[in-house]
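Once you know that position 185 of the sequence shown is 1547 in the numbering used here, the rest is easy, because the numbers rise by one and skip nothing.
What follows is a single structure, written as structure tokens, with notes after it.
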Amino acid sequence: MNQIKVFSPATISNVACGFDVLGFPIYSIGDEMIVKKTKKKSLIITDITGYSVPYDINKNVSTIAAKAMIESLNPNCGFDFKINKKIIPGSGIGSSGSSAAASVYAINKLLDSPLNENELISFAMRGEVVSSISEHADNVSPAILGGIVMIKSLSPLEVIKLPTPKDLYCFVINPKIEIKTSFSRKILPNKVKLKDTTKQVSTFGSFIHALHTEDYELIGRSLNDYLIEKHRKKLIPLYDEVKSIAIKQGALGCSISGSGPSIFALTKGVEKANEINRLVTELYKTSGNDFSTYVSKISEKGVSTMSN
Ligand code: HSE
């Protein structure tokens, strides 16, 4: 195989109760990439469509991740990338994670799969670090593995795929304003209160238990963020109003997606997610901000090969 086309999904990370340690992909949006082997042992980006990202291979997360990978594998060829950047950078739905996951997955396939999924996650994270100035695997892991993923440890990397209750749906609104992850992390405090930490640990634990027991009611009582939301929500137009609509319509929970500005809500069944979509869309039209919304089942599938 000399060429491959891949789809790499957008991801919702943190999931309210698991800052930096939880994430899942959605079906509705993701980056697409065509990667081709070249005779010359180098990397080149020859086409970028969609949202603007750098052509410079030392600045683009896809090629930064790819570079780390080929420095380790030393293959007898180079790679040409054509990127269809569908996820707006700084969106909070794993834009850089999606691109990084796409390139490492594609190269691995073109080289007959020398690396396992954990190794792919490690290389994809190298791209993420550059874009967010921090190590976190809660976007690249679900983008590669699919399903709800928990990051047990970064070093050594240990990720755990959790069960996905079958009626769990996700609503997402992506206001088209850029919030850089690096900035959104800089505004977080270095120290948090012990009593908030205790509450967070217990809701995180109950969320994991609820996934295993398919207890939607307990999922609803676990989707709380005592540590991060209060600091970041001020960056997001109409955050409280969106959350209030979602909760009134019976969402199990609603919180910031990743580092924002996207907001997500989880529901039992698609009808509630569709109704939240309708009402939030009406509200957001008054905000003067451009935005997109998505309703999706939690995707069990990570990055995958597309037919050309
Ligand atoms: N867990 C990271 C954060 C995700 O919230 O900063 C960034 O997409």
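All C-beta atoms, glycine included, are put in the ideal place defined by N, C-alpha and C.
LEU1585 burial status per 10 Å Cβ neighbour count (16 or more: buried)
Numbered from 1 along the sequence shown, position 223 holds the residue referred to as residue 1585. Buried.
Please report the straight-line C-alpha distance between TYR1601 and ILE1638, rounded to a whole angstrom.
The sequence position of residue 1601 within the sequence shown is 239, counting from 1. The sequence position of residue 1638 within the sequence shown is 276, counting from 1. C-alpha separation (whole angstroms): 14 Å.
For the stretch 1609-1644, which segments carrying the beta strand (DSSP E) assignment without a break, of at least 3 residues, lie completely within its bounds, in sequence order?
1615-1618 and 1625-1630
Quick one: Cα of ALA1613 to Cα of GLY1456, how far?
Counting from one through the sequence shown, the residue named residue 1613 turns up at place 251. Counting from one through the sequence shown, the residue named residue 1456 turns up at place 94. Cα-Cα distance, rounded: 22 Å.
Let me know the beta strand (DSSP E) ranges lying completely inside the stretch 1492-1536, each 3 residues or longer, listed in chain order.
1510-1516 and 1519-1524
Contact the stretch 1450-1466 vs the stretch 1482-1491: 3+ CB pairs below 8 Å:
yes
Using 7 Å as the cut-off, classify the Cβ of ARG1547 as near or not near the heavy atoms of the ligand NAD, replying yes or no.
Among the ligands present in this structure, namely the ligand HSE, the ligand NAD is not found.
If you reduce the DSSP assignment to three classes, tell me which class THR1648 lands in.
The residue labelled residue 1648 in the question sits at position 286 within the sequence shown. Three-state result, THR1648: coil.
Can you find a heavy atom of the ligand HSE that lies under 7 Å from the Cβ of SER1370?
Position 8 of the sequence shown holds residue 1370. SER1370: no, Cβ never under 7 Å from the ligand HSE.
Any heavy atom of the ligand HSE closer than 7 Å to the Cβ of GLY1489?
Locating residue 1489 in the sequence shown gives position 127, where the first residue counts as 1. No.
For MET1512 and LEU1482, I'd like the C-alpha separation in whole angstroms.
Counting from 1 along the sequence shown, the entry for residue 1512 is found at position 150. Counting from 1 along the sequence shown, the entry for residue 1482 is found at position 120. Spanning the two alpha carbons is a distance of roughly 16 Å.
Are at least three pairs of beta-carbons, each pair with one atom in the stretch 1495-1511 and one in the stretch 1658-1665, less than 8 Å apart?
yes
Compute the minimum distance between the beta carbon of SER1424 and the heavy atoms of the ligand HSE, and state whether it is under 7 Å.
The residue labelled residue 1424 in the question sits at position 62 within the sequence shown. Checking the Cβ of SER1424 against the ligand HSE gives no.
Going by DSSP in three states, PHE1485 sits in which element: helix, strand or coil?
Taking the first residue of the sequence shown as position 1, residue 1485 is located at position 123. Helix, per DSSP.
Alpha carbon to alpha carbon, how far is LYS1444 from LYS1429?
Within the sequence shown, residue 1444 is the residue found at index 82, counting from 1. Within the sequence shown, residue 1429 is the residue found at index 67, counting from 1. Rounded to whole angstroms, LYS1444 to LYS1429 spans 16 Å at the Cα level.
Taking the continuous alpha helix (DSSP H) assigned at MET1431, which residues delimit it?
Numbered from 1 along the sequence shown, position 69 holds the residue referred to as residue 1431. MET1431 -> alpha helix (DSSP H) spans 1423-1435.
For ILE1609, which residues in the same chain have their Cβ closer than 7 Å to its Cβ, ignoring the five residues on either side in sequence?
Indexing the sequence shown from 1 puts residue 1609 at position 247. Once the five neighbours on either side are set aside, the close Cβ partners of ILE1609 are CYS1616.
Buried or exposed (CB count within 10 angstroms, at least 16 for buried), LEU1335:
With the chain covering 1363 to 1670 only, the question about residue 1335 has no answer from this structure.
Heavy atom of the ligand HSE less than 7 Å from the Cβ of ASN1586, yes or no?
By 1-based counting over the sequence shown, the position of residue 1586 is 224. Checking the Cβ of ASN1586 against the ligand HSE gives no.
Using a threshold of 8 Å, state whether the C-beta atoms of GLU1579 and LEU1645 are closer than that.
Taking the first residue of the sequence shown as 1, we reach residue 1579 at position 217. Taking the first residue of the sequence shown as 1, we reach residue 1645 at position 283. Against a cut-off of 8 Å, the Cβ pair of LEU1645 and GLU1579 comes out as no contact.
How would you write the range of the alpha helix (DSSP H) that LYS1557 sits in, first residue to last?
One-based indexing of the sequence shown puts residue 1557 at position 195. Its alpha helix (DSSP H) spans residues 1556-1575.
How should GLY1412 be labelled, buried or exposed, when 16 other C-beta atoms within 10 angstroms of its C-beta is the threshold for buried?
The sequence position of residue 1412 within the sequence shown is 50, counting from 1. It is exposed - the Cβ of GLY1412 has fewer than 16 other Cβ atoms within 10 Å.
Can you name the start and end residues of the beta strand (DSSP E) that ASP1381 belongs to?
Stepping through the sequence shown from its first residue, residue 1381 is reached at position 19. The sequence shown places Phe at residue 1381, rather than the Asp named in the question. Looking at the DSSP string, PHE1381 is not in any beta strand (DSSP E), and its letter there is neither H nor E.
What is the DSSP secondary structure of VAL1377, counted as helix, strand or coil?
Here residue 1377 corresponds to residue number 15 of the sequence shown, with the count starting at 1. VAL1377: coil per DSSP, three-state reduction.
Does the contact criterion of 3 or more C-beta pairs under 8 Å hold for the stretch 1379-1396 versus the stretch 1557-1569?
yes
Exposed or buried, PRO1525, counting other C-beta atoms within 10 Å across all chains shown (16 or more means buried)?
Counting from one through the sequence shown, the residue named residue 1525 turns up at place 163. When all chains shown are included, PRO1525 counts as exposed.
Among the candidates PHE1533, ILE1581 and GLU1497, whose CA atom is the shortest distance from the CA of LEU1519?
Translated into positions along the sequence shown, residue 1519 becomes position 157. Among PHE1533, ILE1581 and GLU1497, the Cα nearest to that of LEU1519 belongs to GLU1497.
Validate contact between the stretch 1540-1556 and the stretch 1620-1631 using beta carbons, cut 8 Å, 3 pairs:
yes
Contact between the stretch 1527-1538 and the stretch 1624-1632 is defined here as three or more beta-carbon pairs at a separation below 8 Å; is this criterion met?
yes
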